[in-house]
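Note that our numbering gives residue 58 to position 54 of the sequence shown, counting from 1, and the numbers run on in steps of one.
From the three backbone atoms N, C-alpha and C, an ideal C-beta is built for every residue, glycine too.
Contents: one structure, followed by commentary.
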Amino acid sequence: MTCHVRRGKRSLLAALLVPLAAVALSIPAATASAAEAKPAGAMAAPAGSADTAAILGKLHHSNQMEIEMGKLAQKNAESKDVKAFGKTLVQDHTAADKKVTALAKQQKVDLAAAAPAMKPDEKMDKLKTQKGADFDKAFAAAMLEDHQKDVSEASSARDTTSDPKLKTLLTETVPVLEKHRDTAQKLVTQLGGHASAP
5 MTCHVRRGKR SLLAALLVPL AAVALSIPAA TASAAEAKPA GAMAAPAGSA
55 DTAAILGKLH HSNQMEIEMG KLAQKNAESK DVKAFGKTLV QDHTAADKKV
105 TALAKQQKVD LAAAAPAMKP DEKMDKLKTQ KGADFDKAFA AAMLEDHQKD
155 VSEASSARDT TSDPKLKTLL TETVPVLEKH RDTAQKLVTQ LGGHASAP
């Protein structure tokens, strides 16, 4: 009788231990799979962070170019209105770039690395050789074309980004670009220049 009881206990114990052993064996395997899927020390990048860096880089590049163009207008223009527009470009894009730089610092974005590679700018090079009325017409047309493109790209980025801080920055930027576009359009009409269609 005693022998049967002991055998019963052993059978019951075995029945309990087998599933527990299987579970114990499965845990290291699952852990190993997780380790393979995500290397030690790796951290998932926030969604949209690469896009945010690219957009900030383009904004910074654009601001720098418009500041340079504004300074050139103040130097080479004959029209007081074109000179005034050049001054506005320098002021507005300098202020805009401070916001871009501040957000880039918050997001740990290297603007020098994120900005598009500098390429020879034929438009800028040609404007540098012009002065007076010829410069005024060419400059107004160039600024209209540039700001039509800038408004389109900034508006698209604003509507598609998932980064709330970047969306706020772009929401503040678009009206300024639209104001520059409209001013350039008025100058083109006033000076009799020509610009590409948007």
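In chain order, each alpha helix (DSSP H) run of at least 4 residues that lies wholly inside the stretch 58–128: Runs of the alpha helix (DSSP H) lying entirely within the stretch 58–128 and spanning at least 4 residues, in chain order: 84–110, 115–118.
Separation of His151 from Gln189, as counted between CA atoms: For the pair Gln189 and His151, the Cα-to-Cα distance works out to about 10 Å.
Thr172 (DSSP reduced to helix, strand or coil): It is helical.
Host alpha helix (DSSP H) of Ser159 (start-end): Residue range 136–164 is occupied by the alpha helix (DSSP H) that includes Ser159.
Assigned exposure category for Arg185 - 16 Cβ within 10 Å defines buried: Burial call: buried.
Nearest-angstrom Cβ-Cβ length linking Ile71 and Leu93, presumed shorter than 8 Å: Sure, about 7 Å apart at Cβ, within 8 Å.
Sufficient close CB pairs (3 or more, under 8 Å) joining the stretch 153–165 to the stretch 86–102: Counting C-beta pairs closer than 8 Å gives fewer than three between the stretch 153–165 and the stretch 86–102, which falls short of the contact rule.
Residue environment, Met128, which counts as buried when at least 16 other CB atoms sit within 10 Å: Note on Met128: under 16 other CB atoms within 10 angstroms of its CB, so exposed under the neighbour-count rule.
Helix, strand or coil at Thr133 [DSSP, three-state]: In this structure, Thr133 counts as coil in the three-state DSSP scheme.
Own chain partners of Leu148 with C-beta closer than 7 Å, once the 5 adjacent residues on each side are dropped: Shown here for Leu148: same chain residues with a beta carbon closer than 7 Å to its own, the five before and five after excluded, namely Arg185, Ala188, Gln189, Val192, Ala199 in chain order.
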